[in-house]
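Number of protein chains: 2
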Amino acid sequence: MPVYYEDVEVGTVETNGDYEVTREEVLSFAERYDPQWFHTEPDRASEESPYGGVIASGWHTAAMTMRLLVGGTLADAATIGAKGVDELRWPVPVRPGDSLHIENEVLEKVPERPERGLIRARTRTFNQDDERVFSMIGNVMYLRRSDE
Amino acid sequence: MPVYYEDVEVGTVETNGDYEVTREEVLSFAERYDPQWFHTEPDRASEESPYGGVIASGWHTAAMTMRLLVGGTLADAATIGAKGVDELRWPVPVRPGDSLHIENEVLEKVPERPERGLIRARTRTFNQDDERVFSMIGNVMYLRRSDE
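Residue numbers (our numbering), protein chains in the order written: chain A, 1085 to 1232; chain B, 1085 to 1232.
Written out as structure tokens, the structure is:
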């Protein structure tokens, strides 16, 4: 059963995990999309980076979070995508070997159009030590039920 | 010559491009990180999606934008990453065959710590028809010169 705009309740909290972060994936994502040395050069990062080693691209962290959302809250959602995101933050770096899980909380419903509404939800991503490595507020378009 | 915090001027506008968006890359990114049908199933998307065909994951658009930033403004920047992003928007979908370019404008400098400062910059991504497909305001940490 698809989850339509009408089915979503403000205050609902859902979780999903875990996503295992491999060194190979950290390097290959960064080499393709974010080739900065503190993401792609483990030796130099160990010696010179303030993080003490190579860390995942923030966009990789966002993408892994999305994968957990699609496997969780969004798996049955009647959505056609998101308009945007507010307050995206990377407070703690993600490192090879980390294991990530997410928590998604519905903040607000906005009845935008006759055929769809906006769900505002805060998604937070944590590592195996429950440190928050990522958070954002998403504005996701959900279809409405057509009750005919 | 690395570009330090002191070297960045508010109001500076830089551009970079083009990034050619292939169908293969749209599908493979989405299959891995955002496996929703309007990203991964071209036939169904052509028939049922309001977009009339498969579109790129918004996180893929963000990642391609990052690749253009790293090849442009950030190529010589003395940066150690970003704290976060505000007002991320996806106003127009990105489709296979699109060609993307970016424009980056420095909005503000915040002298955060003795050893580093924050550069707030608006990045906008356009397709070959100069439609804005993506925008965000990034908060990037730049190192300061140590003048000894």
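For every residue, glycine included, the Cβ atom is placed at its ideal position computed from N, Cα and C.
- Partner residues on chain A for LEU1172/B, Cβ-Cβ distance less than 9 Å: Within the second sequence, residue 1172/B is the residue found at index 88, counting from 1. Within chain A, the residues near LEU1172/B are GLY1168, VAL1169, ASP1170, LEU1172 and MET1220.
- Item | Option nearest GLU1199/A by Cα separation, candidates ARG1229/A, ARG1216/A, GLY1136/A and LEU1153/A | Along the first sequence, one-based indexing puts residue 1199/A at 115. Nearest C-alpha to GLU1199/A: ARG1229/A.
- Query: Considering only C-alpha positions, which residue in the set TRP1143/B, ALA1166/B, ILE1164/B and GLY1181/B is nearest to ARG1173/B?
  - Reply: Position 89 of the second sequence, counted from the start, is the residue given in the question as residue 1173/B. Looking at the Cα atoms, TRP1143/B is the closest of the given residues.
- Message: Could you check whether the Cβ of ILE1164/B sits closer than 8 Å to any Cβ belonging to chain A?
- Response: The count along the second sequence starts at 1 and reaches residue 1164/B at position 80. ILE1164/B belongs to the set of residues whose beta carbon lies under 8 Å from a beta carbon in chain A.
- Ends of the beta strand (DSSP E) at MET1220/B? Residue 1220/B sits at position 136 when you count from the first residue of the second sequence. Residues 1216-1227.
- Can you check DSSP and say which residues form a bridge with PHE1113/B? Here residue 1113/B refers to the residue found at position 29 when the second sequence is read from its first residue. In the DSSP output, where bridge partners are listed per residue, PHE1113/B has none listed.
- Member of THR1163/A, LEU1152/A, ARG1116/A and GLY1137/A whose CA lies at the smallest distance from the CA of THR1207/A: In the first sequence, residue 1207/A corresponds to position 123, counting from 1. LEU1152/A is the residue among THR1163/A, LEU1152/A, ARG1116/A and GLY1137/A whose C-alpha sits nearest the C-alpha of THR1207/A.
- Query: Taking the alpha carbon of VAL1123/B as the point to measure from, which residue in VAL1110/B, GLU1132/B, VAL1217/B and GLU1131/B has its own alpha carbon closest?
  - Reply: Taking the first residue of the second sequence as 1, we reach residue 1123/B at position 39. Going by the sequence as given, residue 1123/B is His instead of Val. The shortest C-alpha separation from HIS1123/B is found at VAL1110/B.
- Task: Assign THR1145/B to buried or exposed, taking buried as 16 or more other Cβ atoms, counted over all protein chains shown, within 10 Å of its Cβ.
- Result: If you number the second sequence from 1, residue 1145/B lands on position 61. Only buried fits THR1145/B, as 16 or more other CB atoms lie within 10 angstroms of its CB.
- Simplified DSSP assignment, three categories, for GLY1142/A: The residue you call residue 1142/A lines up with position 58 of the first sequence. DSSP places GLY1142/A within a helical segment (H, G or I) once states are collapsed to three.
- Message: I need the straight-line Cα distance from ARG1107/B to ASP1182/B, nearest angstrom please.
- Response: Indexing the second sequence from 1 puts residue 1107/B at position 23. Indexing the second sequence from 1 puts residue 1182/B at position 98. Straight-line Cα distance between these residues: approximately 9 Å.
- Specify, as a first and last residue, the run of the beta strand (DSSP E) that GLU1104/B falls within. Here residue 1104/B corresponds to residue number 20 of the second sequence, with the count starting at 1. Its beta strand (DSSP E) spans residues 1097-1104.
- Query: Can you find a C-beta in chain A that's less than 8 Å from the C-beta of PRO1119/B?
  - Reply: For this step, residue 1119/B is matched to residue 35 along the second sequence. Interface criterion met: the Cβ of PRO1119/B is under 8 Å from a Cβ in chain A.
- Query: Does DSSP classify SER1133/A as helix, strand or coil?
  - Reply: Along the first sequence, read from residue 1 onward, the residue named residue 1133/A stands at position 49. It is coil, neither helix nor strand.
- Is the Cβ-Cβ distance between ASP1118/B and SER1141/B less than 8 Å? The residue labelled residue 1118/B in the question sits at position 34 within the second sequence. The residue labelled residue 1141/B in the question sits at position 57 within the second sequence. Yes; because the gap between Cβ atoms is below 8 Å, this pair is in contact.
- By how many angstroms is the C-alpha of VAL1224/B removed from the C-alpha of ASP1170/B? Locating residue 1170/B in the second sequence gives position 86, counting from the first residue. Locating residue 1224/B in the second sequence gives position 140, counting from the first residue. For the pair ASP1170/B and VAL1224/B, the Cα-to-Cα distance works out to about 12 Å.
- Task: Report the residue from ARG1116/B, THR1149/B and ILE1139/B whose alpha carbon sits nearest the alpha carbon of ALA1166/A.
- Result: Translated into the one-based positions of the first sequence, residue 1166/A becomes position 82. When each option's Cα is compared against that of ALA1166/A, the closest is ILE1139/B.
- For LEU1202/B, decide whether its Cβ has a neighbour in chain A, counting only Cβ atoms nearer than 8 Å. Reading the second sequence from its first residue, position 118 is the one you call residue 1202/B. LEU1202/B does not count as touching chain A.
- Query: PRO1086/A by DSSP, collapsed to three states: which one?
  - Reply: What you label residue 1086/A is simply residue 2 of the first sequence in a count that begins at 1. Under the three-state reduction of DSSP output, PRO1086/A falls in the coil class, being neither helix nor strand.
- Item | One or two residues paired with PHE1210/A in a DSSP bridge | Counting from one through the first sequence, the residue named residue 1210/A turns up at place 126. According to DSSP, which records beta bridges pairwise, PHE1210/A is partnered with HIS1185/A and ARG1216/A.
- List the DSSP bridge partners of LEU1172/A. As a first step, residue 1172/A is located in the first sequence; it is residue number 88 there, counting from the start. According to DSSP, which records beta bridges pairwise, LEU1172/A is partnered with VAL1169/B.
- Query: So which residues on chain A does PHE1122/B lean against when the C-beta distance must stay under 8 Å?
  - Reply: Against the second sequence, residue 1122/B aligns to sequence position 38. Those are ILE1164 and GLY1165, listed as they occur along chain A.
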